[in-house]
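Enquirer:
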Amino acid sequence: MIVLAVETSCDETSIAIIKRVRGKNVRFEILSHKTLSQIDIHKAYGGVYPAMAKREHAKNITQLCAEVLHEADVLVERSNDAPLSQKKKEMIEKLSEHEREMGRALIVLFEGIQKPKIDAIAVTSGPGLEPALWVGINFALALHTIWNIPLYPINHMEGHVIASLLSKKEDFFEIPEIEYPALALLVSGGHTELVRMSKKLKYHIIGQTLDDACGECFDKSARLLGMKYPGGPKISSRAERGRKEGIIVPPHMILPRPMINTKDLSFSFSGLKTAVLTRVKKQKDSTEEGITESFITGLSLELENAITDVLIEKTKQAIFEVSAKTVLLGGGVSANTHIREQMERLTKENKCALYVPEKSLSTDNALMIAATALLHIENGGKSRSKVRAKGRWRIDQPFTYQ
Ligand code: KG4
Ligand code: ZN
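Residue numbering for the sequence shown follows the working numbering, starting at 26 and increasing by one per position.
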């Protein structure tokens, strides 16, 4: 079984091809995996600009796919030079009517190669930025239609869950069996949610943010401190420096820990961002030196501590509520070292197994989408011929076309 996966939900264009290898658990090798980041483009706008994200995905996806197909060595020698029929060309044009450049590139791709050795196509269908998702979906639909390969819509947040489980062995990756009930904390640019897993592939959201996601809070606060998008990693390395230097955060810079004492499992991060704004304004208006390096380091440390305290406290509460035996940490923010360390401490104290993704697989990538598809296929998942972008698709809902 060879799976090709496409991910375009936000600002990374990513394609992976994986091959199932024999073994008890789901095991696979990576034949090729390439990700093109648009960060440099969005930096100028201070965040991801959906129309620009869509245009960049459409511009790059076909070339990226050609490179991945080549590297994966799944191409089949052309036996004869049968040209692409007019009907198929029209189908491609129809599918890419909003991305004409992609349509033209796709026709060149299909004219140049024959159906490759691929058994399934997986595509991120939500949640995410709809214009960006549509590019990946239309691209995957074209491959599915022209090559007649089954297509599987995959939930991006489920991809982050599975990414946390991927463990690298000598020359393959494995998705291990875990003990249930399990609890996943998913922290990314668009989501902050606690998910109960009663068994394999069974999810139930038990807590989520009422406003901003914690990645968004990192990014927006970083911007207020003059750091470029994405600010999360920059705040994190500043905070790390401050912690190593042993700096003390002065009382006037202490930030709130929103909803840390509430009995429910909801989060709220927009007030935290506003609190950062107030501190920054006050520093600018009431001090002669204004925003200094030490102010930035201090506030970065305090912000990382505040976000971590809230995430850890709510996870602790959720561990008790679901009697979790396993905790999974996923999503872009799971790359954060302090959050990882505190989560290790928490799970050790509560005798839970902890799974975190390899740092390179914390942020968006197509490998996690391919692995999730493989898991679904092996557990009876059905392919679809009608797929659409679902900006708000919840992890605990099945894919529906409506
Ligand atoms: O999962 P992801 O790549 O994209 C979405 O699905 O949103 O997550 C991106 C988010 C951004 O907000 C980014 O600032 C944050 O993950 N992030 C971090 C770190 N690395 C990435 N936040 C805090 N510390 C980090 N080291
Ligand atoms: Zn993500």
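Glycine is no exception: its CB is placed at the ideal position from the N, C-alpha and C atoms.
Given the structure is predicted, the values throughout are model-derived calculations rather than measurements.
(1) Classify F294 as helix, strand or coil using the three-state DSSP reduction.
(2) Exposed or buried, which one is V474 when buried takes at least 16 other CB atoms within 10 Å?
(3) What whole-angstrom Cβ distance do A78 and L154 have, given they're in contact under 8 Å?
(4) Touching or not, the stretch 193-204 and the stretch 52-63, by the rule of three or more beta carbon pairs under 8 Å?
(5) In three-state DSSP terms, what is K44?
(6) Any residue with its Cβ nearer than 6 Å to a heavy atom of the ligand ZN should be included. What is that list in chain order?
(7) So the candidates are R45, H123, G251; which of them puts its Cα closest to the Cα of L400?
(8) V186 by DSSP, collapsed to three states: which one?
(9) Between which residues of its own chain and T234 is the CB-CB distance below 8 Å, once the five residues before and five after are set aside?
(10) Helix, strand or coil, according to DSSP, for F198 in the structure here?
(11) Closest to V305 by C-alpha separation, out of V335, K245, P283, would be which residue?
(12) Taking 8 Å as the cut-off, is the beta-carbon of N330 closer than that to any non-hydrogen atom of the ligand KG4?
(13) Let me make sure I understand the geometry here. Which of C377, E314, A130, I143 has the alpha-carbon closest to that of I174?
(14) State whether the stretch 317-324 contacts the stretch 173-189, with contact taken as three or more CB pairs (one from each stretch) at a distance under 8 Å.
(15) Grab the span of the beta strand (DSSP E) containing H229 for me, first residue to last.
(16) DSSP three-state label for L154, please.
(17) Return yes when the Cβ of V93 is within less than 9 Å of the Cβ of H58, no when it is not.
(18) Quick check for students: name the residue ranges of the alpha helix (DSSP H) that lie wholly in the stretch 241-292, counting only runs of 4 or more.
(19) Note down, one range per segment and in chain order, each alpha helix (DSSP H) of at least 4 residues found wholly within the stretch 102-138.
(20) Closer than 8 Å to a non-hydrogen atom of the ligand KG4 - does that hold for the CB of T362?
(21) Which word fits Y185, buried or exposed, when buried means at least 16 other C-beta atoms lie within 10 angstroms of its C-beta?
(22) Which residue marks the beginning of the beta strand (DSSP E) containing G355, and which one marks its end?
(23) At a cut-off of 8 Å, would you count E183 as near the ligand MG, judging by its Cβ distance to the nearest heavy atom?
(24) Okay, do the stretch 375-386 and the stretch 264-282 touch, 3+ Cβ pairs below 8 Å being the bar?
(25) Let me check understanding here. Comparing Cα to Cα, which of E241, E346, D98 lies closest to Y254?
(26) Following the continuous alpha helix (DSSP H) through P382, name the residue where it begins and the one where it ends.
(27) Is it buried or exposed for R417, if we count other Cβ within 10 angstroms and need 16 for buried?
(28) Specify the secondary structure class of H181 as computed by DSSP and reduced to three states.
(29) Would you check if there are 3 or more beta carbon pairs closer than 8 Å linking the stretch 82-91 to the stretch 121-134?
(30) For L61, which three-state DSSP category applies?
(31) How far does the beta strand (DSSP E) with A207 in it reach, from first residue to last?
(32) Please indicate yes or no: does the CB of H401 lie closer than 8 Å to some heavy atom of the ligand KG4?
(33) Do I260 and the ligand KG4 come close, with the Cβ less than 8 Å from some heavy atom?
(34) With burial defined as no fewer than 16 other Cβ atoms inside 10 Å of the residue's Cβ, what is the status of R266: buried or exposed?
(35) Residues in the same chain with beta-carbon distance under 6 Å from P75, minus the five sequence neighbours each way, listed in chain order, please.
(36) Taking DSSP's pairing of strands, which residues face F53 in a bridge?
Expert: Judging by the given coordinates:
(1) Working through the sequence shown from its first residue, we reach residue 294 at position 269. F294 falls in the coil class under three-state DSSP.
(2) The structure shown does not extend to residue 474, since the chain is modelled only from 26 through 427, so no value can be given for it.
(3) For the purposes of this step, residue 78 is taken as the residue at position 53 of the sequence shown. For the purposes of this step, residue 154 is taken as the residue at position 129 of the sequence shown. A78 to L154, Cβ: 6 Å. Contact.
(4) yes
(5) Against the sequence shown, residue 44 aligns to sequence position 19. DSSP places K44 in strand when its eight states are reduced to three.
(6) H181, H185, S213, G356, G357, D389
(7) Counting from one through the sequence shown, the residue named residue 400 turns up at place 375. Measuring from the Cα of L400, the nearest candidate turns out to be R45.
(8) On the sequence shown, position 161 is the one that residue 186 refers to. If DSSP states are grouped into helix, strand and coil, V186 belongs with the helices.
(9) Taking the first residue of the sequence shown as 1, we reach residue 234 at position 209. Excluding residues within five positions, the ones whose Cβ falls inside 8 Å are H216, T217, E218, S291, F292, S293, F294.
(10) Taking the first residue of the sequence shown as position 1, residue 198 is located at position 173. Looking at F198 - three-state DSSP - the assignment turns out to be strand.
(11) Here residue 305 refers to the residue found at position 280 of the sequence shown. Of the listed residues, the one whose Cα sits closest to V305 is K245.
(12) The residue given as residue 330 occupies position 305 in the sequence shown. Incorrect: N330 has no Cβ contact closer than 8 Å to the ligand KG4.
(13) Position 149 of the sequence shown, counted from the first residue, corresponds to residue 174. The shortest C-alpha separation from I174 is found at I143.
(14) no
(15) Within the sequence shown, numbered from 1, the residue matching residue 229 stands at position 204. Start and end: 227-233.
(16) To locate residue 154, count along the sequence shown from 1; it is residue 129. L154 falls in the coil class under three-state DSSP.
(17) In the sequence shown, counting from the first residue as 1, residue 58 sits at position 33. In the sequence shown, counting from the first residue as 1, residue 93 sits at position 68. Yes, the Cβ-Cβ distance between H58 and V93 is below 9 Å.
(18) 256-270
(19) 111-120, 125-137
(20) Along the sequence shown, one-based indexing puts residue 362 at 337. The answer is yes for T362.
(21) Here residue 185 refers to the residue found at position 160 of the sequence shown. Here residue 185 turns out to be His, not Tyr, going by the sequence shown. With 16 or more Cβ atoms within 10 Å of its Cβ, H185 is classed as buried.
(22) As a working note, residue 355 is residue 330 in the sequence shown. Start and end: 351-355.
(23) Among the ligands present in this structure, namely the ligand KG4 and the ligand ZN, the ligand MG is not found.
(24) no
(25) Within the sequence shown, the letter at position 229 stands for residue 254. The shortest C-alpha separation from Y254 is found at E241.
(26) Along the sequence shown, read from residue 1 onward, the residue named residue 382 stands at position 357. Here P382 belongs to no alpha helix (DSSP H), and DSSP marks it neither H nor E.
(27) Counting from one through the sequence shown, the residue named residue 417 turns up at place 392. Exposed.
(28) Position 156 of the sequence shown, counted from the start, is the residue given in the question as residue 181. Three-state DSSP puts H181 in a helix.
(29) yes
(30) Within the sequence shown, residue 61 is the residue found at index 36, counting from 1. Correct three-state label for L61: strand.
(31) Residue 207 sits at position 182 when you count from the first residue of the sequence shown. Element bounds for A207: 207-212.
(32) Translated into the one-based positions of the sequence shown, residue 401 becomes position 376. Checking the Cβ of H401 against the ligand KG4 gives no.
(33) Within the sequence shown, numbered from 1, the residue matching residue 260 stands at position 235. Indeed, a heavy atom of the ligand KG4 lies less than 8 Å from the Cβ.
(34) Taking the sequence shown and counting its residues from 1, the one referred to as residue 266 is at position 241. So R266 counts as exposed.
(35) Position 50 of the sequence shown, counted from the start, is the residue given in the question as residue 75. For P75, where only same-chain residues beyond five positions count, the Cβ hits under 6 Å are L154, P156.
(36) Here residue 53 refers to the residue found at position 28 when the sequence shown is read from its first residue. DSSP output for F53 lists R45, F198 as bridge partner(s).
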